[in-house]
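All remarks here apply to the structure that follows.
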Amino acid sequence: MAMTSSNSGFAPWPDRLRRSAIILIATALGLAASVVYGGLTLPQAGLIFLVIGGAALVPWHLHQAVPNSEDMIGARPAETPVVQALVGGMPDAAVLLDRAGRVLHFNTAASQLAPALRKNELALFALRSPEIIAALREAIATRQPQRAGYVDRVPIDRWMELIVTPLSLPTAFGGSEYCILMTFHDQTALRRVEEMRADFVANASHELRTPLAALSGFIDTLQGPARDDAKARDRFLGIMHAQATRMARLIDDLLSLSRVELSAHVRPEKMVDVVPLIRQVVDGLEPLASERQVAIELQLPSSPVLIAGDTEELLRVFENLIENGLKYGASGGRVVVSLTEPGADDATGEIRVAVRDFGPGIPPEHLPRLTERFYRVDVGDSRAQGGTGLGLSLVKHILNRHRGRLMIESMAGQGATFTACFPATKTASDETAAAKE
983 MAMTSSNSGF APWPDRLRRS AIILIATALG LAASVVYGGL TLPQAGLIFL VIGGAALVPW
1043 HLHQAVPNSE DMIGARPAET PVVQALVGGM PDAAVLLDRA GRVLHFNTAA SQLAPALRKN
1103 ELALFALRSP EIIAALREAI ATRQPQRAGY VDRVPIDRWM ELIVTPLSLP TAFGGSEYCI
1163 LMTFHDQTAL RRVEEMRADF VANASHELRT PLAALSGFID TLQGPARDDA KARDRFLGIM
1223 HAQATRMARL IDDLLSLSRV ELSAHVRPEK MVDVVPLIRQ VVDGLEPLAS ERQVAIELQL
1283 PSSPVLIAGD TEELLRVFEN LIENGLKYGA SGGRVVVSLT EPGADDATGE IRVAVRDFGP
1343 GIPPEHLPRL TERFYRVDVG DSRAQGGTGL GLSLVKHILN RHRGRLMIES MAGQGATFTA
1403 CFPATKTASD ETAAAKE
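Those letters in the sequence shown? Residues 983 to 1419, per our numbering, in order.
Okay, structure coming up:
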């Protein structure tokens, strides 16, 4: 504990003179008598008086002015409750060490990261990663901040960043105490985002390179052996047109995905009737349905169904889902597009647009990954169908912006159902009817 004026022993000078008055008077009288009757010289008497007077004025409780061992421990800044609270309140894992590397304090996050941590024990006993040991030893030796990255394998792989910061805390006696603060930052989420970005760039580059390579090859052929072959020229130009169309669609999907991600935090507020939007999409896909010999069955209500949404983005959602049904479920001969509103006993309160095909279906192991960018169940079939691998990812992001969700249900050999779910929005007429009830 810190010293206070009440127990320091250093009383004010007036108090000291008052307490020592009797001693000083008695000393003065005794010395005067010695000078007169004992032959003591005046300088000798003055010197004796100064010595006795000085001794009388020294604090009576001088021993209290010297801090004991408990005072010294309490005066260490690293041991104060304030420092302990600061370490304990840090959001990241934090460990405070003394100059020798022994643990002074650590917070809950640190105990979860390294359960073997114990106070007053060397931190190296609990933190055995070579990167941690090297950074800590370097910080102790140089008294300079150190950084290190390592992978924590238990219980799951986590990418961690360690920052070792030497500190000099001032003490109550004008000195300083040297200690070391270790903080651990979990970089796993950032690392996974970086990996996803790298995968995305690699996949996008590959998808763009494929049609470009085809175009380049056919151009070389047309400039060479097929220069005068009209039949080959027409066939190659048709293939080149298809590849250019696929590349343009891929770029369009990439730009659309980027725009949706940029506005993901802004929910659309405009009320849109989705019934005519679905009919518009179906009318636009009739040529594809005729080509694939697939019948589109509509199960739509006769009255308007309003949701808060962006018209262009909703058209993109319905177009992707219905087009996928026509392309990949063509063997079933029909695609059913239905729109249902929440009933009185529907706890979800969702408006659902479902697209069901009766094709070969999707194996269950592929379902969780269908909305990943560039993920395909059958790469060759997807490219043959003109797919970019971004359609369902775009659908998911648009639905997220609309505060909705995408449900995918499928069993091999029984077709697949893709359902876009939107939160129902009360209209003015609904609120009026509810008020009347």
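Glycine included, C-beta positions come from ideal geometry on N, C-alpha and C.
Skipping 5 residues on each side, what residues in its chain have a beta carbon closer than 8 Å to that of residue 1251? Excluding residues within five positions, the ones whose Cβ falls inside 8 Å are 1290.
With DSSP run on the structure shown, which of helix, strand or coil describes residue 1145? In this structure, residue 1145 counts as strand in the three-state DSSP scheme.
Does DSSP put residue 1169 in a helix, in a strand, or in coil? Coil at residue 1169, not helix or strand.
Close-in-space but distant-in-sequence residues of the same chain around residue 1051 (CB under 6 Å, 5 per side omitted): Only weak support exists for where residue 1051 lies, its pLDDT of 45 falling under 50; the value from the coordinates is given anyway. There are no such residues.
Leaving out five residues before and five after residue 1299 in sequence, what residues of the same chain have Cβ atoms less than 6 Å from its Cβ? Excluding residues up to 5 positions away in sequence, 1377, 1380 and 1402 lie with their Cβ nearer than 6 Å to the Cβ of residue 1299 in the same chain.
Say whether the region 1221-1238 touches the region 1260-1273, bearing in mind that this needs 3 or more beta-carbon pairs closer than 8 Å, one atom from each stretch. Touching, no, given that fewer than three Cβ pairs across the two stretches are closer than 8 Å.
Straight-line CA distance for residue 1346 to residue 1170? If you take the alpha carbons of residue 1346 and residue 1170, they lie about 28 Å apart.
Tell me the DSSP secondary structure of residue 1045 in three-state form. At residue 1045, the pLDDT of 45 sits below 50, so the modelled position is not reliable; the number obtained from the coordinates is stated separately. It is helical.
Contact between the region 1193-1202 and the region 1173-1181 is defined here as three or more beta-carbon pairs at a separation below 8 Å; is this criterion met? The region 1193-1202, when compared against the region 1173-1181, does not touch it at the 8 Å Cβ threshold.
According to DSSP, simplified to helix, strand and coil, what is residue 1399? Looking at residue 1399 - three-state DSSP - the assignment turns out to be strand.
What does the alpha-carbon distance come out to for the pair residue 1029 and residue 1010? Computed Cα separation, rounded: 11 Å.
Those residues which DSSP pairs with residue 1336 across a bridge: Beta bridge pairing from DSSP links residue 1336 with 1320 and 1401.
So residue 1132 is in the alpha helix (DSSP H); what residue range does that whole segment cover? Run containing residue 1132: none in the alpha helix (DSSP H); it sits in the beta strand (DSSP E), 1128-1134.
Taking only the alpha-carbon atoms, compute the straight-line gap between residue 1321 and residue 1356 and give it to the nearest angstrom. In a straight line, the C-alpha of residue 1321 is about 28 Å away from that of residue 1356.
Report yes if the CB atom of residue 1332 is closer than 8 Å to the CB atom of residue 1404, and no otherwise. Yes. Within cutoff.
Where does residue 1223 land, buried or exposed, given buried means 16+ other C-beta within 10 angstroms? Looking at its Cβ environment, which holds fewer than 16 other Cβ atoms inside 10 Å, residue 1223 is exposed.
Just how far apart, CA to CA, sit residue 1102 and residue 1173? Roughly 34 Å between the two C-alpha positions.
For residue 1392, count neighbouring Cβ atoms within 10 angstroms of its own Cβ and tell me buried if that reaches 16, exposed if not. Buried.
Proximity below 8 Å, CB of residue 1340 to CB of residue 1315: In this structure, residue 1340 lies near residue 1315, with their beta-carbon atoms less than 8 Å apart.
Can you have a look at residue 1305 and say buried or exposed, based on whether 16 or more other CB atoms are within 10 angstroms of its CB? Residue 1305 should be labelled buried.
With which residues is residue 1152 paired in a DSSP beta bridge? For residue 1152, which the question treats as bridged, DSSP gives the partners 1158.
In chain order, which beta strand (DSSP E) runs of at least 3 residues are fully inside the region 1216-1303? Within the region 1216-1303, the complete beta strand (DSSP E) runs of at least 3 residues fall at 1253-1255, 1277-1281 and 1288-1290.
Return the Cβ separation of residue 1231 and residue 1193 in integer angstroms, given the expectation that the two are a contact with Cβ distance under 8 Å. Their Cβ separation, rounded to whole angstroms, is 10 Å, which puts residue 1231 and residue 1193 out of contact at 8 Å.
N-terminal and C-terminal residue of the beta strand (DSSP E) that residue 1359 is part of: Residue 1359 -> no beta strand (DSSP E), and no H or E assigned at all.
Just to confirm my understanding: we take residue 1386, look at its own chain, exclude 5 residues before and 5 after, and list those with CB closer than 6 Å. What are they? For residue 1386, same chain residues with a beta-carbon under 6 Å away, outside a window of 5 residues either side, are 1403 and 1404 in chain order.
What separation, rounded to the nearest whole angstrom, lies between the Cα atoms of residue 1318 and residue 1278? Rounded to whole angstroms, residue 1318 and residue 1278 show a C-alpha spacing of 6 Å.
Less than 8 Å separating the beta-carbons of residue 1325 and residue 1394? Contact flag unset, no.
From the DSSP output, which residues share a beta bridge with residue 1392? Under DSSP, residue 1392 shares a beta bridge with 1398.
Proximity winner among 1149, 1168, 1166 and 1167, relative to residue 1160 (alpha-carbon distances): For residue 1160, the closest C-alpha among the options 1149, 1168, 1166 and 1167 is that of 1149.
Should the region 1089-1109 be regarded as contacting the region 1060-1072, the criterion being three or more beta carbon pairs within less than 8 Å? Counting Cβ pairs under 8 Å, three or more are found: they touch.
Top-ranked residue by Cα proximity to residue 1234, from 1061, 1276 and 1190: The residue with the shortest Cα to Cα distance from residue 1234 is 1190.
Using only the alpha-carbon positions, how far apart do residue 1275 and residue 1390 sit? Separation of residue 1275 and residue 1390 (C-alpha to C-alpha, rounded to the nearest whole angstrom) is 24 Å.
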